[in-house]
Every structure is written in structure tokens, then in C-alpha cells.
Amino acid sequence: MKKPSIKQRKFITRYNIKLRKGKAKHSSSTATDRRSPSKVVRKDLLRKISKFQELGVNIELSKKRFLLIWLPEKINFSSQYEVTTAYIRAIRYFVENVQGENSCRISLKSIRFDHLRKASTSAALVLTSEISKWDDKVSNSLFPDLSKWSPEIIEQFNELGYFDLFVRAPELPQNKKISSVKLIRYIKGTCGDNDKPRQLKAGIHNILGKDIQKWKFLHSGLSEAITNVSHHAYPAPQFDNEPKNWYLTASFDENKRELKVSFYDQGVGIPRTLPSSTMREYISKYLRRLKIGQHDAIMIRAALAYGRTRTHEDDRGKGLQDMLNFIRQTGHGYLSIISSKGLCKVDVSGTTESTKTERFSNALPGTLIIWNVSIP
């Protein structure tokens, strides 16, 4: 083999040095990518966007890294539960995770109402609560674009008090009332706001044109719901630095003569508070007796059957049973409790009661309680 010349040896040496430098540069870049918090966060966010899109949520990520969420045509927690809950979870997730230093400059730009044509009272309340949470997080800087909203949705959300959220209130069109449903402006409270239900009583009087019968039973149920928020919905340390709010509204359908009261908190949900509570032994016996497995809907049903909250304070009433008594006293209607991935609904018709439980794929973040009664 011929010995390389001095010129060839210099060329080979320079070439090897160049290769080593290139390899070191590549290795350094790879190590930086692995340790970069922003790139990890961006990858997680993109994965979440894809997951919510698979669940039916219409999300767009613009070239400027703005997230836009387009609401569907209908939102409710009955026939459209899964898709409605997917949207609520998506809004909650991106509000909590696309702000801050490690957000990779992706930001939630807008929640679009352009396609929305129909929303149940409870779904409108939950949606309003999540946008209120977002507005609080961005220092009350949100402003709604109503240019493509349907007149029915503008009317409904205006009556609900949705536009009161915004520091810069939009100019609303002056239209005649379209819907037969009257709404009470939503009430926002925090732990310990036990006087707020009185505002609901005045609002119900306005939409009914008279006082509601059996108010003390509804008031007792609402007080129990507010107390449960204070004691259980926002446990430490998870919510030490988070607002502990609840939201309340009511609607009256003049055609159907139905009054619906909706209460929502954004906490951990009933099923997650029960396993560590003093109800545990009772619930275990309850499930064994019925020979059924443990899941969210059954946990809510067991809490109703138990009849007392986990604090066991003598002056605290009968827990979730207090919520059911209003329906029993009026004689016709239902109580519905949705929390995490479970629903427990009790229908009352005279002296007959029936209980329904249902399991869902998507979890509602928090607890939604609905009282629905017929008004003669």
C-alpha cells in the first residue's frame, strides 16, 4: 500500500477534525433539545390538541401559534354530553396550560361562538364559568366578537349575564325576545357565600311573577351544595392558590312550565372526595349489598343514599338528601347530579321515585347539580 503524501495526510486530518466537530455539535444540539422545557411543553400541547380533535373538538392552531376553539352547533349535558364535556375539558386544559414561561408562546386566542345555535341553561352556565376563569387569568382582557353570533345565542347569553364578564362590554343588538325561556343572570360566589341564594329567590320571583313554593327546601339544598364546595370541592394543597368559585342560575320555560335551577363548581368532583371520607365504610357495604362495581355514577348514588356529608356535623342537615327534598316537596320533577364521569338522576312523580345512573367516557371537571320542577 502506497504511503500517503504530506499533502494527503493534512487533508485527512482536517477532514477528521471537521467530522468530529460536526458530531459534537449534533450531540450538543440533541442534548439541548431533550432538556428544553419549551420544546417538551410544545410537544405535550400538540399531543393534547390532537387528542381533543379526536374527541370532536374543533381546534385550530394558526401559524402565529394562536389557538382557536370553534364551539359546536349544540351543547347540552343530555343528548350531547360527550362532545359538550370534551369542549369544556379542552377550554379548561388550554386556559391552565398555555400561559406562562414554558408555554412555548402558544396562546389561547379565541373561543368562537359562530356555529353555536342551541345551548341548554346548564351548558351555558358551565361554559360561562370556564370563560370567566380564563378572563380572570388574563387580567380581564377578553372581549367578545359578536359579528357572527346567532340572535338566539346573543339573547340567551345576554339574559344569563355572560357579557357582564367583560370590562369592555360589547354593543348588543336590540331585538325582540325570541325564546320562550326566561333566564336569571348568573350568580358567582366563593366558599362561604351562603347569602347569595337570596339573589336567586328574587330572580325566580321576577321570571315566575310570583314567589316559588317550597323555597325553604330549595334554599336548604343550595346551602348544602355551597357548604360542600367549602369543605370538599377544592382540597389543599391542589387549590391553595386557585379561586374557589361556584356558579348558579335558573331558567323558566313558559311553554313547558318548567323551572330549572343549575349549580356548578369547578372542583375535583364528588367521586374523588368520597374514597378518603368517613363515608368509605358505608359506601363499601352499599356496593357489596347491590353487587355492583365502583365507578363515578355509583359513587354519586351511594352518596345520595348515605344521607349525610362526610363532616358528620349534627347541624349540617342530611347532605345530598337536602338537595332531593325540594323535588319531593314539589311532587314532580328531577334532581340530576353530574360529576367526573358519572350521572345520578332521581325522577319524582307524586310518591313514585326512580333512580338512573350513567357512566361516561369524558369527565366533567367539577360538579353540576340541576333541579327541574313543574310549575302549575
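With the first letter of the sequence shown counted as 1, position 72 gets the number 71 in numbering that gives the first Met the number 0; the numbers rise by one all the way through. Idealized CB from N, CA, C, for every residue including glycine.
The stretch 136 to 147 / the stretch 200 to 216 touching (three or more Cβ pairs under 8 angstroms): no
Given a cut-off of 9 angstroms, decide if residue 49 and residue 369 are closer than it, judged by their beta-carbon atoms. no
Out of 174, 228, 250, which has the shortest C-alpha to C-alpha gap to residue 244? 228
Helix, strand or coil for residue 303? Go by DSSP, reduced to three states. helix
To the nearest angstrom, how far is it from the Cα of residue 158 to the Cα of residue 183? 7 angstroms
Report the three-state DSSP secondary structure of residue 121 (helix, strand or coil). helix
Are the beta-carbon atoms of residue 53 and residue 360 separated by less than 9 angstroms? no
Can at least three beta-carbon pairs, one atom from the stretch 293 to 302 and one from the stretch 331 to 351, be found at a separation below 8 angstroms? yes
Of the choices 47, 84, 127, whose alpha-carbon is the least far from that of residue 187? 127
Using CA coordinates, which residue listed in 68, 193, 79 is at the minimum distance from residue 112? 68
What residues in its chain sit with their C-beta under 7 angstroms from that of residue 267, if we drop five residues either side in the sequence? 232, 234
Among residues of its own chain, excluding the 5 on either side of residue 15, which ones have a beta-carbon nearer than 8 angstroms to its beta-carbon? none
Give a yes or no on contact between the stretch 220 to 227 and the stretch 321 to 328, applying the rule of three or more CB pairs nearer than 8 angstroms. yes
Where in the stretch 156 to 193 do unbroken runs of the beta strand (DSSP E), each at least 3 residues long, occur, reported from the N-terminal end onward? 180 to 182, 186 to 189
Distance, Cα to Cα, residue 141 vs residue 60? 19 angstroms
Counting C-beta neighbours from all protein chains within 10 Å, is the total for residue 166 16 or more, i.e. buried, or is it exposed? exposed
Cα-Cα, which of 96, 150, 271 is closest to residue 40? 96
Starting from residue 224 and walking both ways along the alpha helix (DSSP H), at which residues does that stretch end? 214 to 227
In three-state DSSP terms, what is residue 134? helix
For residue 202 and residue 366, I'd like the C-alpha separation in whole angstroms. 23 angstroms
Residue environment, residue 270, which counts as buried when at least 16 other CB atoms sit within 10 Å: buried
Whose C-beta lies closer than 6 angstroms to the C-beta of residue 164 among residues of the same chain, with five residues either side of it excluded? 131, 134
Indicate the three-state DSSP secondary structure (helix, strand or coil) for residue 235 in the structure shown. coil
Three-state secondary structure (DSSP) of residue 68: strand
Span separating the alpha-carbon of residue 124 from that of residue 214: 22 angstroms
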